[in-house]
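To convert, note that position 6 of the sequence shown is 95 in the working numbering; the numbers rise steadily by one, no gaps.
The structure appears below as structure tokens.
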Amino acid sequence: MKTFEEVLNALGEKILFVCSLFHKLLKRLVVVALVVVIFFSVRAYFKNDVEDNYTTESALTSHAISSTKFNGVFIRDEEIVSFDGNGAVSYNIEDGGRLGNGSVIAEIYASDSQILVNRRIEELSKELELLQRIQNPGTSDSAQPASIASLIEDSYRNSAYMRELGDFEDFETEKENMLVNLSTYQIIVDSSVDFSQRISEINSEISNLKTSVTLPNNVVTSDRSAYFVSYADGYEELLKKSEIDSLTVEMLEGVSDKKLDNNTIIGKLINGYDWYIAGVIDNTKKNYEIGDSVQLKFESCPDKFSGKIIELKNSENPQKTIIIVSCNEFNYDLVQHRSERVEIIDGEYNGLKVSREAIRFKNITETVTDEEGIETEVTTNYKGVYIIQGEQVVFKKLDVIYEGNNYVLSAEKNDKKYLSLYDEIIVKGVDADGK
């Protein structure tokens, strides 16, 4: 049996052995850690050195519009509506409104005072209708504050949306709905609120006004289905669809956006809902062709309208081509002018934006397999850019979909051979050979 001293010596030897192994392992770990630190330091040094030699930019998505702006001239089939000039005109239809055969265009009264009376009656009638909706017991008795609050919120959102769209007719409707809901909510939470007195006052005022109402001296009606505009400009016979073949550059450039000052003119009828916009553009690059579908955007209107190019007429000046676009969309804004600034849009593009300064060309040999399975090596000169990929400079192809003045847009493709989003494009510091 071992003595205590022998056991202690044996234990000490084992402890020394373990400490020796741990010391050797620790030394190796320190060496490995130093190697790793040195490796990444050298890598970062060379990477920074690579990047410092070049001017780069990231490949980011961008949007571009291919368009041309010009002074557009509206061409429509129109007929002036007039009267003898005696009396005041009260219109029954707004500009751009649709008329049927026999529809009333305007009423002629002896003076403006009668028109003002009629307008006041109309205003009071609208207010009366609104108050009667609010005061309706069936509405207020069955309504709950929470449900009315929800309707108020909906009306507010809808009215804001309609205003943003420029749909002012529906905006007025939503505004009235919100007013009704707000007033109904007020009646529910406060029983002392009552509009009966105001309703009585309105009825009394309407009755008094009606005693002074007189019949119009004359009523002007439409003899056919048409759109209406409450002015004339003197171009009605010159700028109609049957005259488009006689249009010249000088004629179009001389058209002004004016309105005739003539007290016998009530307005004009516009036949049909299709019309043309004509103008003078520079088409030397053949950006536009007959039959192209385009979008039209006018200065006076936030909307875009679809159209089709029906005519391109060259002139003696190669930089002046007459363009005629047909359209069949119609609204109030489109009949307020004879001539205005218009943008013709033939394309909208989304892609990776690349400075022209960064574009390079490279011959790349690729193996192509034909329909019979025969492989052939083909060398193609590709347009592309050089990018920094790690410590390497790599060529990436471009699929150009739009060309701007100092940049291009390249389509995003699911192919590593093409430029990708966030690639670091070398703008300066690399030649055509990637050196």
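All residues carry an ideal CB built from backbone N, CA and C; glycine is no exception.
C-alpha gap between residue i and residue j, whole angstroms
| i | j | result |
| --- | --- | --- |
| TYR143 | PHE484 | 15 angstroms |
| ASN307 | SER285 | 39 angstroms |
| ASP512 | GLU492 | 20 angstroms |
| ASP422 | GLU388 | 10 angstroms |
| SER171 | ILE355 | 5 angstroms |
| ASP504 | ILE412 | 40 angstroms |
| ARG209 | ASN351 | 27 angstroms |
| LYS136 | LYS451 | Its pLDDT being 48, under 50, LYS136 is placed unreliably by the model, and nothing is read from it. |
| GLY380 | PHE419 | 21 angstroms |
| SER297 | SER395 | Here the sequence assigns Asn to residue 297, which means Ser is not the residue at that position. Taking the straight line from one Cα to the other gives about 51 angstroms. |
| LYS330 | ILE448 | 48 angstroms |
| GLU326 | GLU167 | 8 angstroms |
| LYS517 | VAL369 | 40 angstroms |
| ILE414 | VAL338 | The sequence given here has Val at residue 414, not Ile. When rounded, the distance between both Cα atoms is 15 angstroms. |
| LYS409 | GLY436 | 22 angstroms |
| ILE453 | GLY343 | 55 angstroms |
| ALA195 | LYS393 | 31 angstroms |
| ILE169 | ASN190 | 16 angstroms |
| ILE164 | LEU328 | 5 angstroms |
| GLY361 | GLY186 | 12 angstroms |
| ALA177 | TYR320 | 15 angstroms |
| ARG313 | LEU188 | 8 angstroms |
| PRO407 | MET340 | 17 angstroms |
| GLN221 | ALA249 | 25 angstroms |
| PRO305 | ALA199 | 7 angstroms |
| LYS486 | GLY323 | 57 angstroms |
| ILE295 | ASP201 | 19 angstroms |
| ILE241 | THR262 | 13 angstroms |
| LYS264 | ILE359 | 32 angstroms |
| LYS397 | VAL457 | 41 angstroms |
| GLN224 | ASP184 | 35 angstroms |
| GLU211 | ARG427 | 33 angstroms |
| ALA148 | VAL443 | 7 angstroms |
| LEU271 | ASN494 | 55 angstroms |
| ILE490 | ALA500 | 6 angstroms |
Host alpha helix (DSSP H) of residue i (start-end)
| i | result |
| --- | --- |
| SER296 | 285-299 |
| SER202 | 201-224 |
| VAL474 | Run containing VAL474: none in the alpha helix (DSSP H); it sits in the beta strand (DSSP E), 464-478. |
| LEU341 | 338-342 |
Where the beta strand (DSSP E) containing residue i begins and where it ends
| i | result |
| --- | --- |
| ARG430 | 428-444 |
| ASN190 | Taken as a continuous stretch (DSSP letters only), ASN190 belongs to no beta strand (DSSP E), as it is neither H nor E. |
| LEU487 | Here LEU487 belongs to no beta strand (DSSP E), and DSSP marks it neither H nor E. |
| TYR496 | 496-499 |
| SER171 | 167-171 |
| LYS517 | 513-517 |
| VAL282 | Premise fails: VAL282 is in no beta strand (DSSP E) and is neither H nor E. |
| VAL308 | 307-310 |
Nearest-angstrom Cβ-Cβ length linking residue i and residue j, presumed shorter than 8 angstroms
| i | j | result |
| --- | --- | --- |
| GLU455 | ASP346 | In fact, because the Cβ distance is near 58 angstroms, the residues do not count as touching under 8 angstroms. |
| LEU510 | LEU441 | 7 angstroms |
| TYR496 | ARG445 | 6 angstroms |
| THR514 | GLU146 | Strictly speaking, residue 514 in this sequence is Ile, with Thr absent from that position. So it is a contact: roughly 5 angstroms between Cβ atoms. |
| ILE204 | SER179 | 5 angstroms |
| THR310 | VAL193 | 6 angstroms |
| VAL162 | ILE366 | 7 angstroms |
| ILE197 | PHE317 | Going by Cβ atoms, the distance from ILE197 to PHE317 rounds to 16 angstroms, so no, they are not a contact pair. |
| MET251 | PHE260 | 4 angstroms |
| VAL269 | LEU219 | 7 angstroms |
| LEU498 | TYR438 | 5 angstroms |
Residues that residue i bridges to, as DSSP identifies them
| i | result |
| --- | --- |
| SER179 | GLU196 |
| GLN275 | Looking at the DSSP assignment, GLN275 forms no beta bridge with any residue, so it has no partner. |
| ALA367 | VAL162, ILE413 |
| SER151 | GLY440 |
| THR353 | DSSP lists no partner for THR353. |
| GLN384 | SER395, ILE434 |
| ARG449 | GLY473 |
| LYS402 | ILE411 |
| PHE317 | LEU358 |
| PHE455 | Before going on, a small fix: residue 455 reads as Glu here, not Phe. Answer is VAL467, bridged to GLU455. |
| GLU146 | ILE514 |
| GLU492 | VAL497 |
| TYR507 | LYS486 |
| SER156 | ILE434 |
Distance cut-off 7 angstroms: residue i Cβ against heavy atoms of the ligand FMN
| i | result |
| --- | --- |
| TYR143 | Absence of the ligand FMN is noted for the structure shown, with no ligands found whatsoever. |
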